[in-house]
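Some notes on the structure that comes next.
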Amino acid sequence: MLVLKNKQLLFKSFVTTCNMKRWIVKLFETDQVQNRRGIQYWRSKVLNGILLLTCLFGFGAYAFGMYMSFFAKVYTVALVDTIAYGFLLYINFNKKLSYNFRSKSLIAVPLLISIGLIIILGPAGAGHTYLIGYSILSSLLLGLRGAINSLIVTFSFIIVIALGLYFEIFGNLMINDYTPLMWITVALNSFAIAAITSLPLAMLVNGLEKTIDNQMEMQSQLEEYIGQIRIAKGKAEESDQLKTKFLANMSHEVRTPLNAILGFSELALNEMYKDDEERNLYLKTIHQNGNYLLKIIENILDFSMIESKQLKSNLISVNLNELFNDLNVIYGLKKTDQLNIIFETYPDDKYITTDANHLKQVFINLINNALKFTSKGEIRIGYKLHNNTIKCFVKDTGIGIKAEDQQTIFKRFTKLETEDKFRDGTGLGLAISKAIVETLGGSIWVESEEGIGSIFHFTIRDEAAIHIID
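Residue numbers for the sequence shown follow the working numbering, beginning at 4 and rising by one.
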């Protein structure tokens, strides 16, 4: 029966030991993802583990020490142990305390205990063990600087005790069991053990700190690169979708005028017309579609130059009123009973130094765009001068632009479609206009409301002083 009880007790002890092992392993387990929090995370983890283990396992040492203190009637040791253990419990369970305070307090406990045990109990106490533990904790929680400071404190303590023994200032305390020479011999051995354990440990901790810092920096750079790659990927996918849409549009835009040119030219060559009037109509249709095809090709070439950053400006003095007169000649024929096209000019000639062709191209793109979406009302084109900048606008009373489309309308290959009517175009006009305006030192934007109309604004920087010629 006794043997059975002993076996059961042994088995329970084994199970308890295994459970304790698993608990300790879980206590010091860490998530690798926490690397990004740096060495401070690991030091806090180690500090919490040491405090908890010290409070748990220290209770047995504290209880035994109290028993021995009262048995030997050395009540001072009981007081020191009680203060030390109570303080450990305080810094362990009070999580509001800072890491700096908790770590230095934990380090101070073995130092104070070692001082008390060495002075009170002398060779009979375990003061040297606590003194070595003080240096190890300092190196572990505070790094190389903490290890060096702890060794300086330890060496200073050795000198102070040696002087105290030499001048016999300790009275009846058990430290007097040491002679000065014996104390120095024993203490220097403890100091040597503390040095050869704490300094390499501190170097290891500092090395880990630098390694973790480097990993954090590399991880930060990697995350930044991944973010850039994702952005680039998104832009590439968007560009691919837009190009696919562009090619589909181009397939229609190019084929339509080509079919007209080939069809009507074949009719004209085979003299399949009634009279000269019908033949001239065929030739006019061929001419119009040829111009439209040329416009498509020019847009593609302009866009290619912009994409390759080869768009250059030829700066000259431009008379804005003359530029508007040229545009009025081009678009005067577009006026109808329901649609009026108005060019606002100043009585006096106004000049600006810029690229005339590019400025004219922007106006043409915006006016053509307004004509596509405006069947009645008016299209108003004008400009205002302000210091060294010209602010231009093209205003229409067309169908307007949806708010969500206003964010993408200047992107390449973007082509707005409406439910009631198919609109021709390559989807490059506004993108080209934006690139030209920015090349000329300005900006472009749109204000629009569905059913009311749109206003395209753009600014152009004057490369010389604006002046008025009377």
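The beta-carbon is built from N, C-alpha and C at its ideal position, and this holds for glycine as well.
Inter-residue spacing [alpha-carbon to alpha-carbon] between residue i and residue j
| i | j | result |
| --- | --- | --- |
| T214 | G136 | 26 Å |
| A87 | I196 | 24 Å |
| T247 | K414 | 14 Å |
| T462 | Y354 | 15 Å |
| F104 | I164 | 28 Å |
| Y78 | G119 | 12 Å |
| I53 | N95 | 9 Å |
| E171 | G130 | 20 Å |
| S268 | K238 | 43 Å |
| I309 | E280 | 43 Å |
| Y133 | V83 | 14 Å |
| T356 | R464 | 8 Å |
| G210 | D305 | 58 Å |
| N372 | D216 | 56 Å |
| D243 | S307 | 16 Å |
| D180 | P126 | 7 Å |
| K99 | A111 | 19 Å |
| K315 | E240 | 29 Å |
| M275 | I299 | 29 Å |
| I42 | A190 | 33 Å |
| G454 | S223 | 49 Å |
| G63 | L56 | 12 Å |
| N1 | G445 | What the structure shows of the chain is the stretch from 4 to 473, and residue 1 is not part of that stretch, so it cannot be assessed. |
| R233 | E227 | 10 Å |
| Y70 | L225 | 59 Å |
| I155 | G167 | 18 Å |
| A434 | L443 | 14 Å |
| D340 | K236 | 50 Å |
| S153 | S159 | 10 Å |
| K76 | N97 | 33 Å |
| Q218 | F74 | 56 Å |
| D408 | N51 | 57 Å |
| Y169 | S117 | 20 Å |
Heavy atom of the ligand PLP within 7 Å of residue i beta-carbon
| i | result |
| --- | --- |
| I404 | Ligands in the displayed structure: none, and consequently the ligand PLP is not present. |
Under 8 Å between C-beta atoms of residue i and residue j
| i | j | result |
| --- | --- | --- |
| F90 | S108 | yes |
| V80 | G61 | no |
| G146 | A205 | yes |
| I121 | G128 | yes |
| R46 | L114 | no |
| D351 | N317 | no |
| G432 | N302 | yes |
| I345 | K337 | no |
Whole-number beta carbon distance between residue j and residue i, since they are thought to touch under 8 Å
| i | j | result |
| --- | --- | --- |
| E381 | L342 | 7 Å |
| L388 | F459 | Going by Cβ atoms, the distance from L388 to F459 rounds to 18 Å, so no, they are not a contact pair. |
| I384 | S451 | Not confirmed; about 16 Å, so no contact. |
| V449 | I412 | 6 Å |
| G335 | D399 | No, G335 and D399 are not in contact; Cβ-Cβ is about 17 Å, not under 8 Å. |
| A150 | S201 | 4 Å |
| V208 | S142 | 7 Å |
| M185 | I123 | Actually they are not in contact, since the Cβ atoms of M185 and I123 sit about 18 Å apart, beyond 8 Å. |
| L286 | A271 | 6 Å |
| I161 | F194 | 6 Å |
Opening and closing residue of the alpha helix (DSSP H) in which residue i lies
| i | result |
| --- | --- |
| Y102 | Y102 to L124 |
| D408 | A406 to Q409 |
| R415 | Looking at the DSSP string, R415 is not in any alpha helix (DSSP H), and its letter there is neither H nor E. |
| F96 | Y78 to F96 |
| G52 | I42 to A75 |
| S446 | Run containing S446: none; DSSP gives neither H nor E here. |
| L144 | G130 to Y169 |
| D329 | L323 to Y334 |
Start-to-end residues for the beta strand (DSSP E) that takes in residue i
| i | result |
| --- | --- |
| Y386 | G380 to H389 |
| N371 | Here N371 belongs to no beta strand (DSSP E); instead the alpha helix (DSSP H) covers A359 to F376. |
| T462 | G456 to R464 |
| I393 | T392 to D399 |
| I344 | L342 to F346 |
For the segment 432-445 against the segment 361-368, do three or more pairs of beta-carbon atoms, one drawn from each stretch, fall closer than 8 Å, so that the two count as touching? yes
Is it true that the segment 284-302 meets the segment 315-332, where meeting means three or more beta-carbon pairs spaced less than 8 Å apart? At 8 Å Cβ cutoff, the stretches do not touch.
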